[in-house]
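Engineer: Below: one structure in structure tokens.
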Amino acid sequence: MKRSLLVGLVLVTVLSGRTASAHHSTAVNFDSSKEITVSGVLTEAKWMNPHSRFRLSVKNAQGKAEEWLVEMGALNTMKRAGFPIERFVIGDEITMIGAAGRRDRAILLRETVLKDGTHLTPDMRPRTANPAREVSGG
149 MKRSLLVGLV
159 LVTVLSGRTA
169 SAHHSTAVNF
179 DSSKEITVSG
189 VLTEAKWMNP
199 HSRFRLSVKN
209 AQGKAEEWLV
219 EMGALNTMKR
229 AGFPIERFVI
239 GDEITMIGAA
249 GRRDRAILLR
259 ETVLKDGTHL
269 TPDMRPRTAN
279 PAREVSGG
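Here our numbering is used: the first residue of the sequence shown is 149, the next is one more, and so on.
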């Protein structure tokens, strides 16, 4: 009885530690001091918790399409803020502005510009600062 209880506790500890470490801070994956802008065609929109995401097809300097990953907050948080998820249509040209990823072709969304020129932020608040931007795609 004591042995099975001990084995159970060890399994719970190991599995819960593994789950907790799967969630990451944005500082690990993104450099908030470096803002970039990418423009391309929206190829995927995944609205989920804990992080929603987009995928964009962006043409590089040689004209070749590259896939970019755009991460953002949780769906429930963005819905509460009034983020209009229905405005994002696969196939639309879109611009994403945000913190540069520490891995290639990744960005943490701070602002998006829809094809009609509408500017949106994940928390639906106006942006107050616009650091220098590095532009990709177009």
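Even glycine gets a Cβ: it sits at the ideal position worked out from N, Cα and C.
All of these numbers come straight from a predicted model, not from anything done at the bench.
Let me check understanding here. Comparing Cα to Cα, which of 231, 227, 199, 233 lies closest to residue 219?
Structural biologist: Here residue 219 corresponds to residue number 71 of the sequence shown, with the count starting at 1. Nearest C-alpha to residue 219: 199.
Engineer: So is residue 184 buried or exposed if we call it buried at 16+ other beta carbons inside 10 Å?
Structural biologist: What you label residue 184 is simply residue 36 of the sequence shown in a count that begins at 1. Buried, because 16 or more other Cβ atoms sit within 10 Å of the Cβ of residue 184.
Engineer: Rounded to a whole number of angstroms, what is the C-alpha to C-alpha distance between residue 181 and residue 233?
Structural biologist: Along the sequence shown, one-based indexing puts residue 181 at 33. Along the sequence shown, one-based indexing puts residue 233 at 85. Using only the alpha carbons, I get a separation of about 27 angstroms.
Engineer: At the level of alpha carbons, what is the spacing between residue 242 and residue 250?
Structural biologist: Taking the sequence shown and counting its residues from 1, one reaches residue 242 at position 94. Taking the sequence shown and counting its residues from 1, one reaches residue 250 at position 102. Residue 242 and residue 250: Cα-Cα distance of roughly 22 angstroms.
Engineer: Restricting to Cα atoms, I'd like to know which of 256, 265, 191, 276 is closest to residue 175.
Structural biologist: Translated into positions along the sequence shown, residue 175 becomes position 27. The candidate whose alpha carbon is nearest that of residue 175 is 256.
Engineer: Whose C-beta lies closer than 6 angstroms to the C-beta of residue 221 among residues of the same chain, with five residues either side of it excluded?
Structural biologist: In the sequence shown, the residue the question calls residue 221 occupies position 73. 270.
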